[in-house]
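Numbering follows numbering that gives the first Met the number 0, in which position 456 of the sequence shown is assigned residue number 455; successive positions increment by one, without gaps.
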Amino acid sequence: MRDIIMALVDVAAGRAKAQTVFKNINLVNVFTGEIYKTDVAVHDGYIAGIGEYTGAVELDMEGKYLAPGFMDGHVHIESSMVTPGEFARAVAARGTTAMVADPHEIANVKGITGIKYMLEGTENLPIDVYIMLPSCVPATPFENSGSVLKAEDLMEIINHPRVLGLGELMDFTNVIHNEKSIMNKIVLAKNANKFIDGHGPLLSGRDLNAYISAGVRTEHECTSAEEAKERLRLGMHVMLREGSAARNVIDLLPALNESSISRCMFCTDDRHPEDILIEGHIDNNIRLAINQGVNPVRAIQMATLNVARCYNMERVGAIAPGYKADMVVLNDLEDLEIYQVYKEGKLIAQEGKALFEIKSINDSKMRNSVNIKPLMEDCFSLTTEEQGLRVIGLQPHSLMTKDLWRNVNVVAGKYTTDDGKVLLKIAVIERHNATGNIGLGLVEGLGLKNGAIASTVAHDSHNIVVIGDSDLDMRIAAEHLQEIGGGIAIASEGSIIRSLPLPIGGLMSDIPLEQLQEQLEDMLDVAYNMGVSRDYDPFMTLAFLALPVIPELKVTDLGLFDVVNFRFTKIDEI
C-alpha cells in the first residue's frame, strides 16, 4: 500500500505521469453539486488528481459526463433469479459498481451454508458486493423455513471483511418488545461495530422511536413522503426503493429537501430480470428522480456518496483524489445514457455490455431443496360454511395488501364476490422438511382464470406458494416444482403448460440472465393470456403474498396471518 500511496502522490504533484487521464470531461461533483470541465488522472486503480494532467494513456471523452460508480443500498440478489456472478454482469452494464446485499432468501432455505455460498459467489467480482447478515431467519415465528439462524450462528462470519452488519430487522414487533433472540443479534452487531438495517413499514410514534433506539440505521420500506419524513426527522437514512413489485421513488421524492437529501439514497430491494434488462438497475432510480425534477447531480449523489457515507465505506462514492476510480461515463444527464463503466480504473462495461466473464462456483449444496409431503386431493379445501370471509386484496405496484371483508359465493369450486369479482384460492405449502403444513386463503385482484401458478420463490421462508381457481391445477403445479428442484410452474386443465426451473435453492437459475428473461417473458405471456391483470407481475406478486411482515393480510404455511395485529386469524373471523 505504501508504494501505491507514494505513486499517487507523485502523480498528483505532477512529478510522474498518470497511467490514464480522462481528458475533456464534465465532472459530476457530488460534494458541491457542480458540473464542470476538467481532466481526471487515474493511477493504480485510484484517482490521483483533478485538473490538468498528462498520462501514458489519454482518453478524449469529448465532453461526456464523468460520475461516480452507482451503488445499490439494499438488494436481494436472489430475487433476480440468477447467480451472484451473473447478477453482477447484468448490473455492471447499467453503471453499478457496488451494492449492499442481504442474502436472506438463500439463508431461509440453506442457512449459513447459503450465506457462505453468496460470499463465495461475490468474491473477486469486478464490482464490490458487501453483505448484511440476515437477521430474521425465519422472518417471524409464524412460518417454517429451511433454517433457523441464531446469534451464535452468525458469530463465525460477523467479522468477515465484506460483512457490514445485520440485515433488515423485519420482526419489528419483537425488537420493540426486547425479545431475547433478536436482541442477541443486535448486541452481536453492535459489539462488532457493525451497522443494522431496518424494515419497519408503518411504524410511527413511540414504536418507531423504540425501534430506532435499538440501533436501527436505515429504512427502505417507506411508501409515502410522510413516512419518510418521520424517519428522517429521527435521524434515519432513508432509501428510495424502485423494485419490480414495490415502486416508491416518485411517491417519496416530496420528502427531499436541501437538508435531508444527504441522508437519502436509492435501492432496488427486489428486481426481476426483465426490469433489469429493460429499465435498468440503480440508473433507473436516478433517471426517475431526474425526470421528476430532482437536480441531476443530487440524484447521482443519492446513488453514490450517500450510500458510501451511510455505511462508512472508505474512499468510494465520489470522484476525488485518493478515491477508488469507480466511475461511470454518461452521454447525457437527461436520459442518463451510459457509455462506459470503470472499476478501479479498469473498463468493465461499454454501451450496455459487460466486458468480463464470470467463473462458476460449486453450487451442489444449494440443489435438491424441495421436499414436500404428498398432496392429497382435498388438501386445498376451505372448511367454512360462512358467506362472509376475509380476503387478501392486491394493490398494484405495492407489496402491501388489504384485509378485505367480502360476501362470497361458491359455485362448482369457483369463488366470487356478490358484485361478481373473481377470487382465487391461495395455498402455502411447507417445502423444506415435508411437514405437511398448508396455509390457505382467498385473493382478490389477480384475475387468473382456468388454472394455477406455483412458485418456490415465496418471501421469506420460500415455501411453495400456489394460487389458482382449480384445486387440481394447484396440486399439479406444486408437485411439478418438486420434480424440477424448484422454480415456477403454470398448470391448466390438469397439465403443466409452462415451467421455469430454479435449481439453486429453488430461487436461482444457472443460465444467463438474458436467457432466463426470455423464458420468464414467455411465462408472463401465458399468465396474462390466462386473465392475469397487467397491473401485476404475477410471479413477483405471488412471491410476497407469503411474507408476514408487510401489512395487511398474508398467508404462511401455518395459516392466514393478520400482519397489523401480528397474529393468526381465520378466513371467517370478523
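All residues carry an ideal CB built from backbone N, CA and C; glycine is no exception.
Spatially closest choice to residue i from the options, by CA coordinates
i, options, result
"lysine 633", "Asp459, Glu57, Ala245 and Glu85", "The question about residue 633 has no answer here: the residues shown for the chain are numbered 0 through 573."
"glycine 493", "Ile503, Gly485 and Leu471", "Leu471"
"aspartate 113", "Gly412, Val136, Arg262 and Asp127", "Reading off the sequence shown, one finds glycine at residue 113, where the question assumed aspartate. Taking only the C-alpha atoms, the option nearest glycine 113 is Val136."
"asparagine 123", "His103, Ile360, Val27 and Arg205", "Ile360"
"isoleucine 49", "His75, Glu77, Val81 and Val10", "Val10"
"phenylalanine 194", "Ile130, Ala150 and Asp152", "Ile130"
"leucine 403", "Gly392, His396 and Glu376", "Gly392"
"lysine 342", "Arg14, Lys36, Thr37 and Ile46", "Ile46"
"arginine 286", "Ile299, Ala348 and Leu153", "Ile299"
"asparagine 107", "Val328, Ser146 and Ile357", "Ser146"
"aspartate 170", "Pro83, Ala138, Ala542 and Met301", "Ala138"
"asparagine 449", "Asn25, Glu482, Ile489 and Val456", "Ile489"
"valine 293", "Pro320, Glu313, Glu257 and Thr555", "Glu257"
"isoleucine 452", "Val563, Ile437 and Met539", "Met539"
"leucine 354", "Ile3, Ala91 and Ala55", "Ala91"
"serine 79", "Leu132, Pro550, His271 and Ser508", "His271"
"aspartate 556", "Asn462, Arg161, Ile483 and Asn290", "Asn462"
"proline 83", "Gly412, Glu142, Glu119 and Phe567", "Glu119"
"serine 223", "Met238, Leu233, Thr383 and Ile475", "Met238"
"isoleucine 337", "Ala12, Arg297 and Asp282", "Asp282"
"serine 134", "Pro125, Glu151, Lys184 and Val409", "Lys184"
"aspartate 534", "Glu104, Glu443 and Ile483", "Glu443"
"methionine 235", "Gly197, Glu104, Leu523 and Gln291", "Gly197"
"arginine 405", "Glu385, Ser397, Gly558 and Pro395", "Glu385"
"leucine 231", "Ile495, Glu241, Ile475 and Ser203", "Ser203"
"aspartate 362", "Gly504, Ile495 and Leu541", "Gly504"
"glutamate 77", "Gly486, Asp521, Pro550 and Ala40", "Gly486"
Inter-residue Cα distance where the pair is residue i and residue j
i, j, result
"leucine 441", "methionine 399", "15 Å"
"alanine 426", "alanine 87", "34 Å"
"serine 144", "leucine 335", "41 Å"
"valine 248", "isoleucine 260", "13 Å"
"valine 186", "aspartate 561", "29 Å"
"alanine 526", "histidine 42", "52 Å"
"alanine 254", "methionine 70", "21 Å"
"glycine 467", "aspartate 459", "21 Å"
"glutamate 229", "serine 368", "41 Å"
"arginine 430", "glutamate 333", "47 Å"
"arginine 366", "isoleucine 347", "31 Å"
"valine 29", "glutamine 18", "24 Å"
"threonine 121", "valine 315", "18 Å"
"threonine 217", "glutamate 278", "25 Å"
"glutamine 481", "arginine 497", "15 Å"
"isoleucine 175", "valine 390", "29 Å"
"glutamate 167", "lysine 149", "15 Å"
"leucine 506", "alanine 6", "46 Å"
"lysine 179", "threonine 415", "44 Å"
"valine 456", "alanine 477", "12 Å"
"leucine 163", "isoleucine 157", "8 Å"
"leucine 445", "serine 532", "6 Å"
"tyrosine 35", "proline 295", "13 Å"
"valine 603", "threonine 37", "Residue 603 lies beyond the range of the chain shown here (0 to 573); nothing can be said about it."
"leucine 499", "glutamine 518", "7 Å"
"lysine 553", "leucine 546", "6 Å"
"valine 421", "methionine 312", "50 Å"
"glycine 199", "glycine 54", "50 Å"
"aspartate 2", "isoleucine 510", "42 Å"
Check whether residue i and residue j have beta carbons under 9 Å apart
i, j, result
"glycine 68", "glycine 110", "no"
"cysteine 263", "alanine 307", "no"
"histidine 73", "cysteine 266", "yes"
"tyrosine 596", "leucine 304", "Nothing about residue 596 can be read from this structure; the chain reaches only from 0 to 573."
"serine 127", "methionine 154", "Position check: residue 127 holds aspartate in this sequence, whereas serine was assumed. For aspartate 127 and methionine 154, no; Cβs fall outside 9 Å."
"isoleucine 318", "leucine 374", "no"
"aspartate 269", "alanine 288", "no"
"valine 327", "threonine 31", "no"
"lysine 364", "tyrosine 116", "yes"
"glycine 387", "aspartate 571", "yes"
"asparagine 528", "alanine 433", "no"
Beta carbon proximity, residue i to chain B, threshold 9 Å
i, result
"cysteine 135", "The structure shown contains no chain B; it is built from a single protein chain."
* Of all the beta strand (DSSP E) runs that stay within the bounds of the region 231 to 268, which reach a length of 3 or more residues? -> 236 to 240 and 263 to 266
* Whole beta strand (DSSP E) elements within the region 284 to 362, 3-residue minimum -> 326 to 329, 337 to 342 and 345 to 349
* Asked: Counting Cβ pairs, one atom from each stretch, are 3 or more of them under 8 Å apart for the region 204 to 211 and the region 507 to 517?
  -> no
* Which parts of the region 82 to 140 are runs of the beta strand (DSSP E), unbroken and 3 residues or longer, counting only runs that do not cross its ends? -> 95 to 100 and 127 to 132
* To do: Write down every uninterrupted run of the alpha helix (DSSP H) in the region 186 to 222 whose length is 4 residues or greater and which is fully enclosed by it, in chain order.
  => 204 to 212
* Whole runs of the alpha helix (DSSP H) within the region 500 to 543, excluding any shorter than 4 residues -> 512 to 528 and 537 to 543
* Give, in chain order, every unbroken run of the alpha helix (DSSP H) that is at least 4 residues long and sits entirely within the region 445 to 501. => 470 to 483
* Taking the runs of the alpha helix (DSSP H) that are 4 residues or longer, which of them lie wholly in the region 26 to 73? -> none
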